[in-house]
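In the numbering used here, the protein residues as written are 1 to 442.
By construction, the Cβ of each residue, glycine as well, lies at the ideal position given by its N, Cα and C atoms.
For reference, the structure discussed in these notes is given below.
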């Protein structure tokens with residue numbers, strides 16, 4: 001028996017290992033040769049992390065307490081800086097470890113639901129998906145959020161397969177950490193309490209599991225919420241920022257979604273009466289956020305139908321990206337040429353194809369897979385709830401919807417792989433005939 005057929009390293013694991021090696025080379029090339037970008041949110045995370053590492057305070061300016069974002073990513077970055085010093089250029093290496101963790105979690109999810117081949121192909125495609133490794137040079141929380149969402153998904157699937165208090169505690173732990181990274185997942189956390197009621201245990205056991213899940217999650221989130229209330233005298237569960245979302249998200253000219261031309265964004269803040277901004281992320285200061293919160297609610301109350309229309313446009317923007325992503329503020333041809341001049345034709349064409357073909361294709365394949373595997377809906381329900389729950393949190397309360405489908409794209413990839421595996425020819429070529437029998441619809 002060859003080493004590739006051993007019980008420790010089988011063909012699915014070799015496939016995943018090959019994808020990881022290729023993905024690491026791709027990330028190394030981007031880190032070494034990519035232009036890099038410095039956005040306002042990058043500077044915010046960097047300042048919070050460095051002040052946390054040196055001053056041991058969660059502050060953006062070194063003086064005033066902050067609640068701009070959830071504390072988990074700045075904490076992870078602060079721990080990284082504690083060991084490396086203030087080296088923002090090294091942060092992509094931290095994101096590589098997050099990506100590796102995501103691939104492992106998705107491999108485990110696929111293995112639990114369908115077998116090691118589905119898990120390996122899903123993890124391989126996720127690790128090689130360009131949007132993940134081309135984001136690595138930026139100081140963003142998406143890499144950590146994707147890892148946390150994948151771990152949370154793994155915990156949820158495992159709890160559904162074999163319910164126990166320990167598994168639901170792990171599920172609550174993953175939920176709490178994810179909330180501390182991005183508070184918009186609070187909607188998903190609430191949705192998943194319904195998932196806990198569909199197992200086949202007795203009613204008393206279901207209540208116990210809900211209590212374990214909720215208590216574990218609350219034990220992580222409530223201390224930070226109390227800190228915010230004591231410091232700012234407002235109820236801020238995790239972070240400020242909903243005010244900016246409600247104000248700009250209700251603006252009919254902007255379609256309620258970033259990105260947009262700088263002059264249009266400046267006009268929106270001027271109409272709110274908060275300019276000039278002392279720094280790029282000043283709209284997330286607690287005082288300013290409360291002002292925008294009130295103004296946004298007033299505008300929504302004056303025309304709720306128009307706001308509902310903007311919410312529906314952000315559903316499209318959540319998955320595909322708004323028109324600025326496609327045309328860069330110009331016509332389609334001019335926008336493509338401008339994008340190519342800045343990032344090269346390969347990246348520009350991929351970016352366009354991803355939004356017009358790849359993401360819509362994944363959505364259609366995932367929907368077809370859900371139908372084909374409809375008799376397994378109870379087992380596969382987390383794969384549906386996670387994309388719906390994340391979207392339901394982002395779309396009404398934030399305007400930065402363009403890249404936030406990334407943490408739940410692995411769910412669509414897994415469903416697509418499971419559907420493709422139904423084809424006998426593809427199964428013999430890609431899965432060595434060893435796909436779990438569970439892939440066949442009952």
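Contact check, residue i vs residue j, beta carbons under 8 Å
{"i": "residue 100", "j": "residue 156", "result": "no"}
{"i": "residue 102", "j": "residue 147", "result": "yes"}
{"i": "residue 197", "j": "residue 27", "result": "no"}
{"i": "residue 244", "j": "residue 292", "result": "yes"}
{"i": "residue 221", "j": "residue 176", "result": "yes"}
{"i": "residue 283", "j": "residue 269", "result": "yes"}
{"i": "residue 24", "j": "residue 281", "result": "no"}
{"i": "residue 58", "j": "residue 48", "result": "yes"}
{"i": "residue 12", "j": "residue 116", "result": "yes"}
{"i": "residue 326", "j": "residue 188", "result": "no"}
{"i": "residue 52", "j": "residue 124", "result": "no"}
{"i": "residue 362", "j": "residue 373", "result": "no"}
{"i": "residue 398", "j": "residue 184", "result": "yes"}
{"i": "residue 206", "j": "residue 145", "result": "no"}
{"i": "residue 236", "j": "residue 67", "result": "yes"}
{"i": "residue 70", "j": "residue 239", "result": "yes"}
{"i": "residue 255", "j": "residue 310", "result": "yes"}
{"i": "residue 446", "j": "residue 109", "result": "It is not possible to answer for residue 446, since the shown part of the chain is limited to 1 through 442."}
{"i": "residue 209", "j": "residue 290", "result": "no"}
{"i": "residue 86", "j": "residue 143", "result": "no"}
{"i": "residue 106", "j": "residue 408", "result": "no"}
{"i": "residue 351", "j": "residue 419", "result": "no"}
{"i": "residue 139", "j": "residue 88", "result": "yes"}
{"i": "residue 246", "j": "residue 305", "result": "no"}
{"i": "residue 212", "j": "residue 158", "result": "no"}
{"i": "residue 98", "j": "residue 20", "result": "no"}
{"i": "residue 365", "j": "residue 131", "result": "no"}
{"i": "residue 223", "j": "residue 199", "result": "no"}
{"i": "residue 178", "j": "residue 257", "result": "no"}
{"i": "residue 320", "j": "residue 359", "result": "yes"}
{"i": "residue 267", "j": "residue 295", "result": "no"}
{"i": "residue 54", "j": "residue 410", "result": "no"}
DSSP three-state assignment for residue i, whether helix, strand or coil
{"i": "residue 275", "result": "coil"}
{"i": "residue 12", "result": "helix"}
{"i": "residue 440", "result": "Interpretation of residue 440 is limited by its pLDDT of 44, a score under 50 that renders its predicted location unreliable; the figure taken from the coordinates is listed afterwards. If DSSP states are grouped into helix, strand and coil, residue 440 belongs with coil."}
{"i": "residue 353", "result": "helix"}
{"i": "residue 339", "result": "helix"}
{"i": "residue 369", "result": "helix"}
{"i": "residue 201", "result": "coil"}
{"i": "residue 162", "result": "coil"}
{"i": "residue 132", "result": "helix"}
{"i": "residue 422", "result": "coil"}
{"i": "residue 404", "result": "coil"}
{"i": "residue 295", "result": "helix"}
{"i": "residue 233", "result": "coil"}
{"i": "residue 252", "result": "coil"}
{"i": "residue 398", "result": "coil"}
{"i": "residue 391", "result": "helix"}
{"i": "residue 91", "result": "helix"}
{"i": "residue 259", "result": "coil"}
{"i": "residue 114", "result": "coil"}
{"i": "residue 375", "result": "helix"}
{"i": "residue 466", "result": "Here the chain comprises residues numbered 1 to 442, so residue 466 is not present and cannot be evaluated."}
{"i": "residue 27", "result": "helix"}
{"i": "residue 304", "result": "helix"}
{"i": "residue 238", "result": "coil"}
{"i": "residue 39", "result": "coil"}
{"i": "residue 361", "result": "helix"}
{"i": "residue 139", "result": "coil"}
{"i": "residue 182", "result": "coil"}
{"i": "residue 285", "result": "coil"}
{"i": "residue 280", "result": "coil"}
{"i": "residue 209", "result": "helix"}
{"i": "residue 7", "result": "With a pLDDT of only 44 at residue 7, under 50, the local geometry of the prediction cannot be trusted, and no value is derived from it."}
{"i": "residue 34", "result": "coil"}
{"i": "residue 344", "result": "coil"}
{"i": "residue 70", "result": "coil"}
Beta-bridge pairing of residue i - partner residues as DSSP gives them
{"i": "residue 59", "result": "65"}
Rounded distance between the beta-carbons of residue j and residue i, thought under 8 Å
{"i": "residue 395", "j": "residue 324", "result": "Actually they do not touch by this definition, with Cβ atoms about 17 Å apart."}
{"i": "residue 232", "j": "residue 286", "result": "5 Å"}
{"i": "residue 77", "j": "residue 91", "result": "7 Å"}
{"i": "residue 226", "j": "residue 393", "result": "In fact, because the Cβ distance is near 22 Å, the residues do not count as touching under 8 Å."}
{"i": "residue 174", "j": "residue 151", "result": "5 Å"}
request  = Tell me, please, whether the segment 200-217 touches the segment 154-173 by the rule of three or more beta-carbon pairs shorter than 8 Å.
outcome  = yes
request  = Count the CB pairs spanning the segment 404-421 and the segment 369-386 that are closer than 8 Å, and state whether there are at least three.
outcome  = yes
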